[in-house]
């Protein structure tokens, strides 16, 4: 009898625990969706979870079990979907626009999903203001320089507001998975400290989520080349076939410039670099060009054509460049500014920003 009672109790406990993991989504569409089914799947790993249910009378009901909070996608097609952050036990109700599923959804029962779309409303309002300014800006003639400058200042003020808003969203709920949608609005080089805080908060909780893992790997790589870190050593061949090391280059300011002959933005930046070098080499500026070329002749030809008279190295391995991997370079041009001790003091400055920074150190 006692064994039977224990068995019944165990089954009841199991069912209760399973019930705690059950997610319910009760959805309605604001108009005829012209679809017969709707699918919910894991956002980044659809092979892990995917469920499709029928739509009846412009509505659907879906239940499923999950054991971890994660990011999901409710979709009709790949380009028409609604991102959701769902945890076990959520009982979600929603009203959706079937034409654009993520346009002003009305959601209850999913705290993080609600935060996501409230935030998107805030960003959308700022974008509307910027679009209005841009329309006025495009209508101005060349003679309206003062007004153009006023509009530019207003536009970038809204851009700063968007950045501040993203920062407040992240730091206000640092351990929320939904922050993965907000962090991409902040350039990692400028806000590396916030990236590190987010990584510390999320990685221990959500190490099963690929986006969180990717963020963690990005941070671990970024620490090696963060401002204040000693620049990793580079040893590569020059165009003349001699080994040259970064640490052998002595200067008050040293720029490590990742570029390639085939990179149009890099080539467009080269006149600024040659002008900067001409003005500040005598005061202690050195440049090491690290090429992601794979053809030696093209590399050497570009150096000559653009009159790049500083040091150059490459292993001619294209995106498999050892130096690019060491510095976490995934796009070019990419630039690291070092002091005389080869410590990184700035990253990815260009044009007038780079000139102003070099001038502040050498003038």
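In this note's numbering, the protein residues as written are 103 to 465. Ideal Cβ positions, reconstructed from N, Cα and C, are used throughout, including at glycine. Quick caveat: nothing in here was measured; it's all calculated off a predicted structure.
Same chain, Cβ closer than 7 Å to residue 353, neighbours up to 5 away in sequence not counted: Here residue 353 refers to the residue found at position 251 when the chain shown is read from its first residue. The residues are 386, 387, 388, 442.
Is the shortest distance between the beta-carbon of residue 142 and the beta-carbons of chain D less than 7 Å? Of the protein chains in this structure there is only one, and it is not chain D.
Could you give the DSSP three-state label for residue 466: helix, strand or coil? Since the first and last residues shown for the chain are 103 and 465, residue 466 lies out of range.
Own chain partners of residue 457 with C-beta closer than 7 Å, once the 5 adjacent residues on each side are dropped: Counted from its first residue, the chain shown places residue 457 at position 355. Contacts found: 378.
Distance, Cα to Cα, residue 123 vs residue 193? For the purposes of this step, residue 123 is taken as the residue at position 21 of the chain shown. For the purposes of this step, residue 193 is taken as the residue at position 91 of the chain shown. In a straight line, the C-alpha of residue 123 is about 10 Å away from that of residue 193.
Whose CA, out of 440, 422, 439, lies closest to the CA of residue 432? Position 330 of the chain shown holds residue 432. Selected option, being the one with the closest Cα: 422.
Assign residue 169 to buried or exposed, taking buried as 16 or more other Cβ atoms, counted over all protein chains shown, within 10 Å of its Cβ. Here residue 169 is taken as the residue at index 67 of the chain shown, counted from 1. The Cβ neighbour count for residue 169, taken over all protein chains shown within 10 Å, is under 16; the residue is labelled exposed.
Is DSSP giving residue 199 helix, strand or coil here? Residue 199 sits at position 97 when you count from the first residue of the chain shown. Collapsing the DSSP output to three states places residue 199 in coil.
Could you say if the region 391 to 400 and the region 351 to 371 meet the contact criterion of at least three C-beta pairs nearer than 8 Å? The region 391 to 400 is in contact with the region 351 to 371.
Do the region 233 to 244 and the region 195 to 211 meet, that is, are 3 or more Cβ pairs less than 8 Å apart? Segments in contact, no.
Output yes or no for whether 7 Å exceeds the beta carbon distance between residue 131 and residue 186. Reading the chain shown from its first residue, position 29 is the one you call residue 131. Reading the chain shown from its first residue, position 84 is the one you call residue 186. No.
Helix, strand or coil for residue 294 per DSSP? The count along the chain shown starts at 1 and reaches residue 294 at position 192. Residue 294: helix per DSSP, three-state reduction.
Give the range of the beta strand (DSSP E) segment to which residue 161 is assigned. Taking the first residue of the chain shown as position 1, residue 161 is located at position 59. In this chain, the beta strand (DSSP E) harbouring residue 161 covers 161 to 167.
Unbroken alpha helix (DSSP H) run spanning residue 401, endpoints: Against the chain shown, residue 401 aligns to sequence position 299. Going by DSSP, residue 401 is part of the alpha helix (DSSP H) stretching over 398 to 407.
Could you pull the DSSP bridge partners for residue 175 from this structure? As a working mapping, residue 175 is identified with position 73 in the chain shown. According to DSSP, residue 175 bridges with 143, 185.
Identity of the residue in 176, 330, 277 nearest residue 154 by Cα: Along the chain shown, one-based indexing puts residue 154 at 52. Distances from the CA of residue 154 to each of 176, 330, 277 were compared; the closest alpha carbon is that of 176.
In angstroms with no decimal places, state the Cα-to-Cα distance between residue 253 and residue 246. Start at 1 with the first residue of the chain shown, and residue 253 comes out as number 151. Start at 1 with the first residue of the chain shown, and residue 246 comes out as number 144. Using only the alpha carbons, I get a separation of about 11 Å.
May I ask you to report which of helix, strand or coil DSSP gives residue 129? As a working mapping, residue 129 is identified with position 27 in the chain shown. Strand, per DSSP.
Grab the span of the alpha helix (DSSP H) containing residue 377 for me, first residue to last. Locating residue 377 in the chain shown gives position 275, where the first residue counts as 1. That run of the alpha helix (DSSP H) goes 366 to 382.
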